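These notes concern the structure reproduced below.
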Amino acid sequence: MTDEREITLTINGTEHTLEVEPRRLLVHAIREDLDMTGTHIGCDTGNCGACTILKDGEPIKSCLMFAAQADGAEILTVEGMEDLPEATDLHPLQEGFKAEHGLQCGYCTPGMLMAGKALLDENPDPDEETIRDAISGNLCRCTGYQNIVSSIEYAADELADRTATDGGAVTAEPGGGDGPGADDAEAVCGQSECCGGPDADLFERDYPTEDTDT
Amino acid sequence: MSSDHENAPEADTEYQHAEDDGPQPEKHCGHGRGGMGEEVSRKEDKRFITGRGNYVDDIKKPDMLHCEIVRSPHAHARVKDIDGSRAEAMDDVVAVLTAEDLLEHDLATMPTLMDDTQDVLVNEKVKFQSQEVAAVIATDRYTAKDGAEKVEVDYEVLDPVVDAQDALDAEAPLIRDELDDQEDNHIFDWETGDKDATEAVFDAADVTIEEDMNYQRLHPAPIETCGAVADWDPGMDKMTVHMTSQAPHAHRTLFSQVSGIPEHKVRIVSPDVGGGFGNKVPIYPGYVVAAAASFVLEQPVKWVEERSENIQSTGFARDYDMTGELAATEDGVIEGVKVDVLANHGAYNAAAQPTKFPAGFFNIFTGSYDIEAAYGSLTAAFTNTAPGGVAYRCSFRVTEAVYLIERLVNVLADELDVDPAEIRRRNFIPSDAFPYESATGWNYDSGDYEKALDKALEMADYEHYREEQQRRIENDADKLLGIGISSFTEIVGAGPGEQCDIAGIEMFDSADIRVNPTGNAVLRIGVQTQGQGHETTFAQIVAEELGMDVDNISVEHGDTDTEPYGLGTYGSRSTPVAGAATAVAARKVRDKAKSIAANELEAAEEDIEWDRESGEFHVAGAPDRSITITEIAAGAYMNHPGGEEPGLEATNYYDPPEMTYPFGSYIVVVEVDRETGEVDFEKFVAVDDCGNRINPMIIEGQIHGGLAQGIATAMLEEVTYDDNGNVTGGDFMNYLLPTANEIPNFDTGHTVTPSPHHPIGAKGVGESPTVGSPPAIVNAVVDAMNHAGVSHVEMPMTPDVVWAALDDAGLAHKPAQNVEFEFDGASGSADD
Ligand code: FES
Ligand code: FES
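In order, the protein sequence lines correspond to chains A and B.
According to the working numbering, the first sequence is numbered sequentially starting from 64.
According to the working numbering, the second sequence is numbered sequentially starting from -12.
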């Protein structure tokens, strides 16, 4: 192989140094060189979004970028979601997809989770149209999208609940302070009979906070 | 159609959970049993949401090689020479394979599911664009691609023919000249029903109507393409193929037949599969090439398609050009139906149907209606297009049949000026007429069509929209309203072995349950999931039938070395066939459990009863003297009754006595923009009846997904060709899958009419929405323009197609040339 070059990718917090041909696609570097096969490939034209990852916080299609272009980047893939500060056992988005039956064959799911994460980082309380727009670069052949939208809404509610409970200490993105504060609990919790106060249950659970995480 | 049947048990009438409209079962919370009717969350989800799925392309083996296929740029051409030397000279290219190499191993051709013979790699003549011509095997994906570009093929280009009608012309180029007795491009003619009786009905009828309609060529297009990792083990003389397979056992038998490797030395593993929809039922050349290369090179070989290869060369669906006619009384009672079809099968007859049904179950075209006489004829033709005709979320052409009849009924309603809901009501098979034998010989198990329609009408607020539609017509509104109905009947659960087979193997299915000493169980099934949720729903059947907690049951599928033989998952057959096998096997375990219970409780076996509610066994008349399945499991291994075999397990191979007939009514309300031809969904109601329901959450998910595919069919998708046979709709830039922006929210509802012959009264549901929704959508769009005389619009109804229909009917609004902005003084600046 000609002209290999050394690049560094920080994926899910771990730094990897690898030698790649300049033409090697980022998705192949992730899947084949680093054996993280959660990120999928569904097309050859950048249309399906199965390969969506977050590069420096931005959702990108990793089949449309050379690995060398991502040299030095911080990358998040589905494998890293459970370790994010807002995750307990699972990330609220992962919980949402399970609770709302947002997946069937699961092939589009990692890309959908990434698109959902990018959206909620930017807009913690998106309406349905905004969610549909945010995932419109990701094709799903199985679900008809309705439950995927509900899954992302579930995660938004869950994150808002936690933010409310912790008085804003936990946000979807470290440093993003524009999530709804405790005052918004009533508006965002989504329960029809919401008492307007914090959910007692939530106090008993041990959510990591920004402080404890570092 | 029915068959004599010994092993068909009566439907268990003690089990009647989810009554329609009744209170729904509690959501399974992890403490209950998770039996029938509960919304158990899916066991398979965790690995998929955490990136731990294991799809074919995720498999990596030591020394694994990669295969890239060289494909023909021409649709019809003679291959004069293939020169692979420049590729072979490359450092990391290991081999270049052509038909010549495969001939040495007797692997040059493979049988299709319709018993045609397809070249694995082109032997003499290319018959469709993207056909497999050569294969390059290299140490990595990129080099294999580089190598493929260096393979030089010398073609003599021939005239292609892509249209089925043109192909039947006497002057048309002969596509299959390698076949001795093939003198034209005609494949077969097929007939169904009674021609004379039907003609007599038509001659005497008050009214007849006729409509031409095309069901365009579609592709199932699962988001995961097809692929395989073949691994020949020279030490064991064993071939393992991990492949995207909806029917692993059938593929094992076919692989063995093609390769000559004895079947017990072939293992097919279908790991996680990223959607199938019928695309992964046939065998494709890529699988065979990977296996051949692994055999020759004695290393694992991976082949994974790109999207364009998937759409351009693997099994397409539909492509039926249909003319339908109805004969009716002046009151709109349908007396006869006639249909004539021209089917484009592509370059090989590679449809996926039971072999006795060359046109699949197309003769279900009498639909939900009690029609005295029916006649259908069909001609199939070869063309220079990719081979196919697979059952895309469909039981073998039922989709085309339902589209035909549901459109015709609407055309008749227009002709007689009867409301489309009313005309359906006048013709439904009455609910007390089941079991019902149709004019084409199908034996419908159960149905209550009017109930489903009534429920859908109510959910859709039908009358309101009819009034609104009228109002808009009167006001010459910019957006017309259209309301479409489809009251479809499905035919699924193939099928009775006497009638149904795949490549000669009867379409039974199987289940094997082994209860462990610690009281949990493993269920192995002959079907395979590509997202349908078998790992959950099949465990629920066992939970229901054995009184075990659903969390204590693992479901295994997709590995031919461990699973019992089955025919796979497609045509909504898993629940009707393997689900039945699972229930029967569980009941066999229950029977054995009774003798162990008797032993443990020191009672006579005849006195042991099983209580479905608690899931426990007890002594008749003494409910306190009870024992759980967990305790029985321990007894089976640690204290088994003398004179009996130890252990607690059972297997069932289930040959269904009949097909099952799910049904439903869908109502679609659309807005049609008279300026742009765009169609917006205002309301989308789907009422389904799939008999007894195993997991309502999963059923609803299946309905959503299938409706989205129905919308894709009606509005967007078509595999198109130009006159030279170039695929012009062969990737995701041109073959348009709907995104979240094109799919509306759906209102789903259900009724429950159990199947009388299925052990748990279930019918199967996966394909209903894909089958039932396209006619509802087309009926809605036509309905919006019907007052101006529009009787049909062809699919896919893209804005230009709809706009042309509006324009022809004098309904189009042309955009104003000079748009003037009017400002409302009160609302402030122009920025508002
Ligand atoms: S693989 Fe389809 S967009 Fe990247
Ligand atoms: S779940 Fe199968 S593609 Fe989305």
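C-beta atoms are modelled at their ideal positions from N, C-alpha and C, and glycine is treated no differently.
Since the model is a prediction, treat every value here as computed from it, not as a measurement.
Integer-rounded CB distance, given that Gly105 of chain A should sit under 8 Å from Tyr170 of chain A
7 Å
Count the other CB atoms, across all protein chains shown, that sit within 10 Å of the CB of Asn41 of chain B; report buried if there are 16 or more and exposed otherwise.
exposed
Starting from the Cα of Ala178 of chain A, find the closest Cα among A:Ala162, A:Gln167, A:Cys203 and give me that residue.
A:Cys203
Anticipated Cβ contact below 8 Å, Ala339 of chain B with Pro422 of chain B, distance rounded
Wrong, their Cβ atoms sit about 28 Å apart, outside the cutoff.
Closest Cα partner of Gly482 of chain B within the set B:Gly558, B:Asp546, B:Asp164
B:Gly558
Note down, in chain order, each residue of its chain lying with its Cβ closer than 7 Å to the Cβ of Ala530 of chain B, except the 5 sequence neighbours on either side.
Arg20, Gly21, Gly22, Asp536, Val537, Ile540
Among A:Ser214, A:Asp196, A:Asp134, which residue has its Cα nearest to the Cα of Ile70 of chain A?
A:Asp134
Which word fits Thr100 of chain A, buried or exposed, when buried means at least 16 other C-beta atoms lie within 10 angstroms of its C-beta?
buried
With the cut-off set at 8 Å, would you say Gln118 of chain B and Arg58 of chain B are in Cβ contact?
yes
Just list the residues that DSSP pairs Trp177 of chain B with in beta bridges.
B:Leu365
Cβ-based burial, Asn626 of chain B [other Cβ within 10 Å; buried from 16]:
exposed
Check whether the Cβ of Cys171 of chain A lies closer than 7 Å to any heavy atom of ligand 1, and answer yes or no.
no
Run the proximity test for Asn110 of chain A: is its beta-carbon closer than 7 Å to any non-hydrogen atom belonging to ligand 1?
yes
Using a Cβ-Cβ distance under 8 Å, would Asn75 of chain A count as near chain B?
no
Would you list, in chain order, the members of the region 105 to 125 of chain B that have their beta-carbon closer than 8 Å to a beta-carbon of chain A?
none
From B:Ala154, B:Ala701, B:Val83, B:Leu90, residue whose alpha carbon lies closest to that of Glu136 of chain B
B:Val83
Cutoff 8 Å: His79 of chain A Cβ touching any chain B Cβ
no
Any beta-carbon of chain B closer than 8 Å to the one on Ser125 of chain A?
no
Give a yes or no on whether the minimum CB-CB distance between Thr523 of chain B and chain A is below 8 Å.
no
Could you list which residues in chain A have their beta carbon closer than 7 Å to that of Gly688 of chain B, in chain order?
His164, Gln167, Thr206, Asn210
Consider the C-beta atom of Ile460 of chain B and the heavy atoms of ligand 2; say whether any pair is separated by less than 7 Å.
no
Within 8 Å of any Cβ in chain B, is that where the Cβ of Glu145 of chain A sits?
yes
Per DSSP, which residues does Val66 of chain B bridge with? Please list them.
B:Tyr142
So does Ile820 of chain B have its beta carbon nearer than 7 Å to some heavy atom of ligand 1?
Residue 820 of chain B is absent from the model: chain B starts at -12 and stops at 819.
Taking the alpha carbon of Glu87 of chain B as the reference point, which residue from B:Gln105, B:Ile56, B:Val120, B:Ala62 has its own alpha carbon closest?
B:Val120
Against chain B, which members of the region 97 to 119 of chain A pass a CB distance test of less than 8 Å?
Asp98, Met99, Thr100, Gly101, Thr102, His103, Ile104, Gly105, Cys106, Asp107, Thr108, Asn110, Cys111, Ala113
Is the CB of Gly40 of chain B under 8 Å away from at least one CB in chain A?
yes
May I have the straight-line CA-CA distance separating Glu82 of chain A from Thr516 of chain B, to the nearest angstrom?
38 Å
Cutoff 8 Å; reference Arg459 of chain B; Cβ partners in own chain excluding five residues on either side
Lys466, Leu467, Leu468
Among B:Glu387, B:Gly333, B:Phe604, B:Ala237, which residue has its Cα nearest to the Cα of Thr707 of chain B?
B:Gly333
Under the three-state DSSP convention, the category Gly253 of chain A falls into
Unreliable placement is indicated for Gly253 of chain A, whose pLDDT of 35 sits below 50; the coordinate value is still reported in the next sentence. Gly253 of chain A falls in the coil class under three-state DSSP.
What residue does the alpha helix (DSSP H) around Gln515 of chain B start on, and which one ends it?
Unbroken run through Gln515 of chain B: none, as it is neither H nor E.
May I ask you to check if the CB of Leu793 of chain B is nearer than 7 Å to at least one heavy atom of ligand 2?
no
Measuring alpha carbon to alpha carbon, tell me which of B:Asp193, B:Asp68, B:Asp153, B:Ala215 ends up nearest Asp44 of chain B.
B:Ala215
Close Cβ partners of His4 of chain B (< 7 Å) along its chain, the five nearest in sequence each way excluded:
Because His4 of chain B sits at a pLDDT of 44, beneath the cut-off of 50, its placement in the model cannot be relied upon, and the following sentence gives the value as read from the coordinates. Closer than 7 Å at Cβ, skipping near neighbours: Pro12, Met23, Gly24, Asn679.
Pop quiz: Tyr641 of chain B and Ser497 of chain B are said to be a contact at Cβ under 8 Å. What is the actual Cβ separation, rounded to whole angstroms?
7 Å
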